[in-house]
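Residues in the sequence shown are numbered from -18 upward in steps of one, following this note's numbering.
Have a look at the structure below before the remarks.
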Amino acid sequence: MNVLVVGGAGYVGSHAVRLLTRAGYPVWVYDNCQRGHRAAVPAELLIEGDLLDHQKLVDVLRDKSIDAVMHFAAFALVGESVSDPAGYYQNNVVGTLTLLNAMRTTNVRRMVFSSTCATYGIPQSVPISEEHAQMPVNPYGFTKLCIEQALQDYAHAYDLGFVALRYFNAAGASPDGDLGEDHTPESHLIPLLLQTALGQRKHVTIFGQDYPTADGTCIRDYIHVDDLGTAHIKALEQVAPGVQLKLNLGTGRGTSVSSAIETSELVTGRKIPTVIGDRRAGDPPELVADSRRAQRQLDWEPQYLDFKQIVETAWHWHRTHPHGYAT
Ligand code: UDP
């Protein structure tokens, strides 16, 4: 099966590409390298192109005889989606429709799609199962929900098969230290903590300490990026015309911001200065996945169940790549 990994130079995509090639799949990466990194992908696999370029997508799908698409290409920052919804709807929704239409033109009928727990909004109960109502609270979540709906409609009308994987908080880095998280600007908790441990930042702001949780800080379900990659490969093995699956990917274990700070201090052996700030708009108090359906359906289970292990892999990356891929 020839696989096109769209957005394969990004954080989660590049880890999936590494696992796919190791598993023996013929893989091509399609990425415009605006937010992704050329250095994250073997040069001979990279095709530089834009998600909005219908003709180029058609050419690549045809020329490389692609059988399945893994689609990671998206803008994924909640705050940015609030200040620039136009960019988010254009890139995420219009871009994905362009890709889906190119797939229709070339009769490629398998897609594994990166969705998100942000499609659920503020949870009414945790852990969150796939049955939980989807009521996003920011444009990013809405763009992903729009795409899930489009996938379902295309599947019904055009016999597309898809697996939408709703990630919780992607974290960590490949254990060999070659691939890792490198966003500009960085807004995610774990890289910010580790950059502070490296002395690149003065402190980390804790966004709210008055949440209705045990220590007053937000709880998230951090899942290792290689566990996400493995789930993608399992999804690829199952996706076929007629298949319509929407699955949560998380560990089922919650970690609070305060506890993430403690663990990061333990792993790095350094004090990480923090200041208490206001709540960040749109942050639910607790997001923890019920991933039992994914575990059953994909015969998958996350290997990194210990948050400390996840931070250790991230620390290895940050210490050896203090300036990310530019190091
Ligand atoms: N967070 C924080 N300070 C920061 C960045 C994040 O307190 O500088 C908190 C944030 O409020 C959330 C958790 O850390 O509860 C994870 O945030 P992140 O941005 O990493 O991922 P998100 O949950 O937004 O996808």
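Think of the CB as a built atom: it goes at the ideal place given N, C-alpha and C, for glycine as much as any other residue.
Treat the numbers as computed from the prediction; the structure is a model and nothing was measured.
Worksheet item: For the ligand UDP, which residues have a Cβ under 6 Å from at least one heavy atom, in chain order?
Response: Residues lining the ligand UDP by the Cβ criterion, that is a Cβ closer than 6 Å to any of its heavy atoms, are 59, 150, 168, 169, 170, 173, 185, 186, 187, 188, 199, 201, 238, 261 and 264 in chain order.
Fill in: Terminal residues of the beta strand (DSSP E) in which residue 45 lies
Residue 45 sits at position 64 when you count from the first residue of the sequence shown. In the DSSP assignment, residue 45 falls outside any beta strand (DSSP E), carrying neither H nor E.
Worksheet entry | Whole runs of the beta strand (DSSP E) within the stretch 88 to 113, excluding any shorter than 3 residues | As far as the stretch 88 to 113 is concerned, its whole beta strand (DSSP E) runs of at least 3 residues are 91 to 97.
Fill in: Same chain only: Cβ atoms within 6 Å of residue 54, ignoring 5 sequence neighbours per side
Translated into positions along the sequence shown, residue 54 becomes position 73. Counting only Cβ-Cβ distances below 6 Å, and skipping sequence neighbours, we find -13, -12 and 32.
Worksheet item: Residue range of the alpha helix (DSSP H) that residue 258 falls in?
Response: Stepping through the sequence shown from its first residue, residue 258 is reached at position 277. Residue 258 -> not in any alpha helix (DSSP H); beta strand (DSSP E) instead, spanning 255 to 258.
Worksheet item: Using DSSP with H/G/I as helix, E/B as strand and the rest coil, what is residue 13?
Response: The sequence position of residue 13 within the sequence shown is 32, counting from 1. The answer is coil: DSSP assigns residue 13 none of H, G, I, E or B.
Worksheet item: Below 8 Å between beta carbons: does that hold for residue 209 and residue 111?
Response: Translated into positions along the sequence shown, residue 209 becomes position 228. Translated into positions along the sequence shown, residue 111 becomes position 130. No, the Cβ-Cβ distance between residue 209 and residue 111 is not below 8 Å.
Discussion item. Can you look up residue 273 in the DSSP assignment and give me helix, strand or coil?
Written reply: Here residue 273 is taken as the residue at index 292 of the sequence shown, counted from 1. DSSP places residue 273 in helix when its eight states are reduced to three.
Worksheet entry | Beta-carbon spacing of residue 94, residue 146 below 8 Å | Within the sequence shown, numbered from 1, the residue matching residue 94 stands at position 113. Within the sequence shown, numbered from 1, the residue matching residue 146 stands at position 165. The answer is yes: Cβ separation under 8 Å.
Worksheet item: So what's residue 142 in DSSP terms, helix, strand or just coil?
Response: Within the sequence shown, residue 142 is the residue found at index 161, counting from 1. Residue 142 carries a strand assignment under DSSP once its states are collapsed to helix, strand and coil.
Discussion item. Buried or exposed for residue 214, going by 16 or more other Cβ atoms inside 10 Å?
Written reply: For the purposes of this step, residue 214 is taken as residue 233 along the sequence shown, with counting starting at 1. By the neighbour-count rule (16 or more Cβ atoms within 10 Å), residue 214 is buried.
Discussion item. Using a 10 Å radius around the Cβ and a threshold of 16 neighbouring Cβ atoms, would you call residue 103 buried or exposed?
Written reply: Taking the sequence shown and counting its residues from 1, one reaches residue 103 at position 122. Taking all protein chains shown into account, residue 103 has fewer than 16 neighbouring C-beta atoms within 10 Å of its C-beta and is therefore exposed.
Discussion item. For a test of the three-state rule: what should DSSP assign to residue 225, helix, strand or coil?
Written reply: Here residue 225 refers to the residue found at position 244 of the sequence shown. DSSP places residue 225 in strand when its eight states are reduced to three.
Worksheet item: Looking at the structure shown, is residue 282 part of a helix, part of a strand, or coil, going by DSSP?
Response: Here residue 282 refers to the residue found at position 301 when the sequence shown is read from its first residue. Of the three classes helix, strand and coil, the one that applies to residue 282 here is coil, per DSSP.
Discussion item. Can you find the residues in the same chain that come closer than 7 Å, C-beta to C-beta, to residue 28, ignoring five residues on each side of it along the sequence?
Written reply: In the sequence shown, residue 28 corresponds to position 47, counting from 1. Sequence-distant partners of residue 28 (beyond 5 residues in either direction) whose C-beta falls short of 7 Å from its own C-beta, in its chain, are 9, 10, 11 and 41.
Practice prompt. Give me the Cβ distance between residue 108 and residue 270, rounded to the nearest whole Å; I'm assuming they're in contact under 8 Å.
Written response: The residue labelled residue 108 in the question sits at position 127 within the sequence shown. The residue labelled residue 270 in the question sits at position 289 within the sequence shown. Right, their Cβ atoms sit about 6 Å apart.
Practice prompt. Within the stretch 144 to 211, note down every full alpha helix (DSSP H) run reaching 4 residues or more, in order along the chain.
Written response: Unbroken alpha helix (DSSP H) runs of no fewer than 4 residues, entirely contained in the stretch 144 to 211, are found at 170 to 178, following chain order.
Discussion item. On the DSSP letters alone, give me the boundaries of the beta strand (DSSP E) that residue -15 sits inside.
Written reply: Counting from one through the sequence shown, the residue named residue -15 turns up at place 4. Start and end: -16 to -13.
Discussion item. In the DSSP assignment, the beta strand (DSSP E) including residue 32 goes from what residue to what residue?
Written reply: Numbered from its first residue, the sequence shown carries residue 32 at position 51. That residue, residue 32, is in no beta strand (DSSP E); it is neither H nor E in DSSP.
Practice prompt. Using 10 angstroms around the beta-carbon of residue 254, count the other beta-carbons present and answer buried if the total reaches 16, otherwise exposed.
Written response: As a first step, residue 254 is located in the sequence shown; it is residue number 273 there, counting from the start. The residue in question, residue 254, is exposed, as its Cβ has fewer than 16 Cβ neighbours within 10 Å.
Worksheet item: Does the stretch 129 to 143 come close enough to the stretch 266 to 282 to have 3 or more Cβ pairs within less than 8 Å?
Response: Contact check between the stretch 129 to 143 and the stretch 266 to 282: fewer than three CB pairs, one atom from each, fall below 8 Å, which does not count as touching.
Worksheet item: Where does residue 247 land, buried or exposed, given buried means 16+ other C-beta within 10 angstroms?
Response: If you number the sequence shown from 1, residue 247 lands on position 266. Answer is exposed; the Cβ neighbour count stays below 16.
Item to complete: Give me the Cβ distance between residue 52 and residue 77, rounded to the nearest whole Å; I'm assuming they're in contact under 8 Å.
Response: Reading the sequence shown from its first residue, position 71 is the one you call residue 52. Reading the sequence shown from its first residue, position 96 is the one you call residue 77. Rounded, the Cβ-Cβ distance is 7 Å, consistent with contact.
Worksheet item: Can the beta-carbon of residue 257 be found closer than 8 Å to that of residue 190?
Response: Position 276 of the sequence shown, counted from the first residue, corresponds to residue 257. Position 209 of the sequence shown, counted from the first residue, corresponds to residue 190. Contact flag set, yes.
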